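**Student:** Quick one: structure below, then a few questions.
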Amino acid sequence: MARLLLFLAALVLAGCGGTNYVFQAPTPEAAVSFTVLSDSLAPDPEVAAMVAPYRENLEAQVSEVVGRAEVEIQKGRPEGPLGTFAAEAMLSVVQGLTDRPVHLALTNNGGLRRPLGPGAITVGQMFELMPFENMMIVLDFSAAQVDSLAQQLARSGGDPIAGFSFLITPDERAVNVRVADEPLDSARTYRLVTSDYLANGGGPYSVLWGDVPREELAYLLRDAFTDHLRAIGIMENRVDGLIRVQQ
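FYI, the working numbering numbers position 161 of the sequence shown as 163, with every residue one higher than the one before it.
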């Protein structure tokens with residue numbers, strides 16, 4: 003009844019000139035009670051039975067062992083064993099995903115979120131290592147662009163790479179830039195695999211953001227890391243000296 007009276011009053015006034023009126027129905031009041039959720043609440047047996055198969059399947063998947071490490075594998079700058087593994091994984095896996103060879107790999111330490119090992123390494127730990135849904139992408143670079151990338155890496159202090167090397171001078175320049183231990187060749191095209199995060203504006207490497215031929219791969223970095231670890235079995239605690247710092 004009250005709502006009907008409000009509607010009729012609004013209808014009458016709407017036909018009159020002059021001042022505009024706005025009518026707002028009163029907000030109904032309702033009693034509210036709160037239940038604090040905690041481990042002390044007993045689970046609903048029917049719900050627990052319904053989700054049990056899914057939970058068991060998920061637990062089995064994330065508990066799968068995909069490799070091992072004898073010691074804790076950590077990241078570092080200018081190089082670290084965890085970054086070495088990550089970049090090598092990308093460079094190895096990408097060769098089977100594209101019809102032309104890929105020469106270089108680059109990822110970023112910031113995307114590697116936890117050390118691995120010692121002992122068994124599981125699928126769940128690989129998700130913790132790389133919790134982001136970043137995909138691999140291949141860029142075609144000239145020799146000058148490879149050199150520019152090395153210069154930007156030198157200024158940043160280094161990030162995980164594979165396939166090329168250089169020396170950082172005291173004034174943060176990259177010298178003796180080499181691909182597969184060969185000097186840069188201005189007549190060649192070099193193919194670089196990196197993450198879509200870095201290629202699309204993330205990180206400090208602006209040379210990746212230019213208008214260059216690119217091949218987007220529907221392949222997660224996490225999957226590349228996991229598949230590579232399955233293939234090699236043991237994650238080694240090593241760096242390859244690809245980024246050296248002049249003393």
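All C-beta atoms in this analysis are idealised placements derived from N, C-alpha and C, irrespective of residue type, glycine included. Owing to the predicted nature of the structure, the values given are computational and were not obtained by experimental measurement.
Using the beta-carbon count (16 or more within 10 Å), is M128 buried or exposed?
**Tutor:** The residue given as residue 128 occupies position 126 in the sequence shown. Under this definition M128 is a buried residue.
**Student:** Does DSSP put A71 in a helix, in a strand, or in coil?
**Tutor:** For this step, residue 71 is matched to residue 69 along the sequence shown. DSSP places A71 in strand when its eight states are reduced to three.
**Student:** Within 10 Å of its beta-carbon, does E58 have 16 or more other beta-carbons around it, so buried, or fewer, so exposed?
**Tutor:** Numbered from its first residue, the sequence shown carries residue 58 at position 56. Exposed, because fewer than 16 other Cβ atoms sit within 10 Å of the Cβ of E58.
**Student:** Compare the C-alpha of T171 against each of V209, Q76 and R246 and name the closest.
**Tutor:** Along the sequence shown, one-based indexing puts residue 171 at 169. Nearest option by C-alpha distance: R246.
**Student:** Any idea if I163 is buried or exposed, counting beta-carbon neighbours within 10 angstroms, 16 or more meaning buried?
**Tutor:** Taking the first residue of the sequence shown as position 1, residue 163 is located at position 161. Burial call: buried.
**Student:** Give the list of continuous beta strand (DSSP E) stretches no shorter than 3 residues that lie fully inside the segment 151-186.
**Tutor:** Qualifying beta strand (DSSP E) stretches, in chain order: 166-170 and 176-181.
**Student:** Rounded to whole angstroms, what is the Cα-Cα separation between P120 and V68?
**Tutor:** As a working mapping, residue 120 is identified with position 118 in the sequence shown. As a working mapping, residue 68 is identified with position 66 in the sequence shown. So the two alpha carbons sit approximately 13 Å from each other.
**Student:** So which of L84, S158, A189 and Q248 has the shortest CA-CA distance to N239?
**Tutor:** The sequence position of residue 239 within the sequence shown is 237, counting from 1. Comparing Cα-Cα distances from N239 to each of L84, S158, A189 and Q248, the minimum goes to L84.
**Student:** Buried or exposed: where does E66 fall if 16 or more other Cβ atoms within 10 Å of its Cβ makes it buried?
**Tutor:** Translated into the one-based positions of the sequence shown, residue 66 becomes position 64. E66 should be labelled exposed.
**Student:** Taking only beta-carbon atoms, is P162 less than 8 Å away from chain D?
**Tutor:** Among the protein chains of the structure shown there is no chain D, as only one such chain exists.
**Student:** Could you tell me which residues DSSP puts in a beta bridge with V64?
**Tutor:** Numbered from its first residue, the sequence shown carries residue 64 at position 62. DSSP lists no partner for V64.
**Student:** Taking Cβ to Cβ, would you say V96 is nearer than 8 Å to T228?
**Tutor:** As a working note, residue 96 is residue 94 in the sequence shown. As a working note, residue 228 is residue 226 in the sequence shown. Contact flag unset, no.
**Student:** Just how far apart, CA to CA, sit R232 and R102?
**Tutor:** Reading the sequence shown from its first residue, position 230 is the one you call residue 232. Reading the sequence shown from its first residue, position 100 is the one you call residue 102. For R232 and R102, the distance between alpha carbons rounds to 24 Å.
**Student:** Within its chain, find whatever has a CB closer than 7 Å to the CB of C86; leave out the 5 residues flanking it on each side and keep chain order.
**Tutor:** Your numbering for residue 86 matches position 84 in the sequence shown. Checking the displayed sequence, the identity of residue 86 turns out to be Thr instead of Cys. Closer than 7 Å at Cβ, skipping near neighbours: P162, R240, V241 and D242.
**Student:** Taking the C-alpha atoms as reference points, what is the distance between T250 and A50?
**Tutor:** The chain is shown from 3 up to 249; residue 250 falls before or after that span and cannot be answered.
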